[in-house]
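Residue numbers (this note's numbering): 47 to 336.
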């Protein structure tokens with residue numbers, strides 16, 4: 047586990063979150079009016095949430111968390127970024143949707159929650175959450191400890207195979223890096239830090255209405271990512287004692303346009319262009335604590 051690198055990511059996310067939210071307009075009004083940032087795929091995996099105690103791990107700035115709360119869940123959101131949690135708390139107050147938000151490194155939070163006897167019916171993580179984990183098995187063990195008997199871990203992530211694709215001069219090519227997609231928690235440091243993927247995806251990630259906001263964002267803080275294959279993720283969950291019930295893959299990515307050459311195949315869903323290999327771009331799974 048690398049808490050020093052987690053701390054660097056916290057600084058990078060604090061800057062990126064400000065840029066991301068600058069594009070999202072009046073999110074409180076959007077949520078008050080019944081708007082939701084969730085997609086059908088995660089709702090299918092989550093199932094009925096009415097009355098469920100749900101923890102949204104690595105929840106970012108709370109838009110999805112509050113959309114989950116609006117579906118009747120009793121929700122706690124956890125994130126390492128001070129800026130993300132500050133924004134989420136304010137968004138909860140302004141939208142009138144109740145949720146609890148707690149700032150912490152997820153490993154510290156899981157250990158404290160388990161020690162305090164807190165239990166949840168659902169633990170949820172989605173869309174770029176697991177790439178920040180330096181120790182996937184420790185994370186899975188921590189999740190298992192805070193789930194109530196019969197509780198479920200629900201994960202929907204961008205597919206690790208995306209690491210095999212790169213865009214150069216407007217063309218998609220296979221990533222020439224021989225370690226791309228190798229998994230096993232391989233560490234990569236990025237001097238440029240977390241970028242403004244919201245600006246690149248525009249309305250794909252902003253159902254509340256895209257605004258120009260911060261332009262040409264450059265993150266002054268670097269970041270660190272860890273490469274995990276789908277097999278790594280399922281193995282970690284199984285080793286933690288959870289029973290894997292469902293595994294799904296999809297040939298498109300919800301919301302996020304990773305490459306300019308991607309095409310919008312339906313509202314807010316992006317796929318590789320015609321002629322490109324048809325590889326899965328998202329994967330999801332559900333695992334239950336016996």
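Each residue gets a CB set at the ideal place from its N, CA and C atoms; glycine is no exception.
Proximity winner among the options, relative to residue i (alpha-carbon distances)
i: residue 253; options: 60, 65, 85, 54; result: 85
i: residue 269; options: 164, 135, 55, 214; result: 55
i: residue 235; options: 212, 267, 182, 145; result: 267
i: residue 52; options: 175, 228, 256, 135; result: 175
i: residue 71; options: 297, 155, 260, 146; result: 260
i: residue 106; options: 83, 87, 183; result: 83
i: residue 148; options: 140, 142, 133; result: 133
i: residue 315; options: 128, 298, 120, 330; result: 298
i: residue 350; options: 69, 180, 120; result: Coverage of the chain is limited to positions 47 through 336, which leaves residue 350 absent and any answer about it impossible.
i: residue 88; options: 131, 130, 168, 146; result: 168
i: residue 288; options: 296, 262, 255, 185; result: 185
i: residue 131; options: 150, 155, 173, 140; result: 150
i: residue 301; options: 159, 173, 127; result: 173
i: residue 141; options: 81, 286, 334; result: 81
i: residue 271; options: 262, 296, 229, 305; result: 229
CA-to-CA distance, residue j to residue i, given in whole angstroms
i: residue 294; j: residue 76; result: 30 Å
i: residue 231; j: residue 273; result: 5 Å
i: residue 318; j: residue 164; result: 42 Å
i: residue 74; j: residue 122; result: 18 Å
i: residue 187; j: residue 93; result: 23 Å
i: residue 171; j: residue 201; result: 5 Å
i: residue 290; j: residue 153; result: 22 Å
i: residue 196; j: residue 57; result: 36 Å
i: residue 320; j: residue 250; result: 20 Å
i: residue 257; j: residue 240; result: 20 Å
i: residue 157; j: residue 307; result: 42 Å
i: residue 135; j: residue 79; result: 18 Å
i: residue 166; j: residue 336; result: 14 Å
i: residue 276; j: residue 177; result: 11 Å
i: residue 278; j: residue 182; result: 8 Å
i: residue 125; j: residue 198; result: 20 Å
i: residue 49; j: residue 59; result: 15 Å
i: residue 61; j: residue 128; result: 10 Å
i: residue 227; j: residue 211; result: 10 Å
i: residue 47; j: residue 69; result: 34 Å
i: residue 255; j: residue 139; result: 20 Å
i: residue 322; j: residue 146; result: 43 Å
i: residue 286; j: residue 334; result: 11 Å
i: residue 97; j: residue 179; result: 29 Å
i: residue 305; j: residue 118; result: 36 Å
Residue i, buried or exposed, once every other Cβ within 10 Å from all chains shown has been counted against 16
i: residue 233; result: exposed
i: residue 161; result: exposed
i: residue 109; result: buried
i: residue 220; result: exposed
i: residue 292; result: exposed
i: residue 111; result: buried
i: residue 303; result: buried
i: residue 312; result: exposed
i: residue 217; result: exposed
i: residue 264; result: exposed
i: residue 223; result: exposed
i: residue 214; result: exposed
i: residue 332; result: buried
i: residue 238; result: exposed
i: residue 309; result: exposed
i: residue 209; result: buried
i: residue 330; result: buried
i: residue 159; result: buried
Any 3 or more C-beta pairs closer than 8 Å across the region 99–119 and the region 277–286: Using a Cβ-Cβ distance cut-off of 8 Å, the region 99–119 and the region 277–286 are not in contact, since fewer than three pairs of beta carbons, one from each stretch, lie closer than that value.
contact_flag[the region 204–213, the region 320–332] where n(CB pairs < 8 Å) is 3 or more: In short, these stretches touch, since the Cβ pair count reaches three.
Cβ contact check for the region 59–71 and the region 239–247: 3 or more pairs under 8 Å: The region 59–71 is in contact with the region 239–247.
Any beta strand (DSSP E) of 3 or more consecutive residues that is wholly inside the region 206–291: Uninterrupted beta strand (DSSP E) stretches at least 3 residues long and entirely within the region 206–291 occur at 211–214, 217–220, 232–236, 269–273, given in chain order.
Three-pair Cβ contact test at 8 Å for the region 114–126 versus the region 182–194: Cβ pair count under 8 Å is below three, so no.
3 or more residues per run - each beta strand (DSSP E) lying fully within the region 90–115: Taking only runs of at least 3 residues, the beta strand (DSSP E) segments lying wholly in the region 90–115 are 99–103.
Unbroken stretches of the alpha helix (DSSP H), 4 residues or longer, contained in the region 132–190: As far as the region 132–190 is concerned, its whole alpha helix (DSSP H) runs of at least 4 residues are 152–161.
Entirely enclosed beta strand (DSSP E) segments - the region 48–76, minimum 3 residues: None, since the region 48–76 contains no complete beta strand (DSSP E) of that length.
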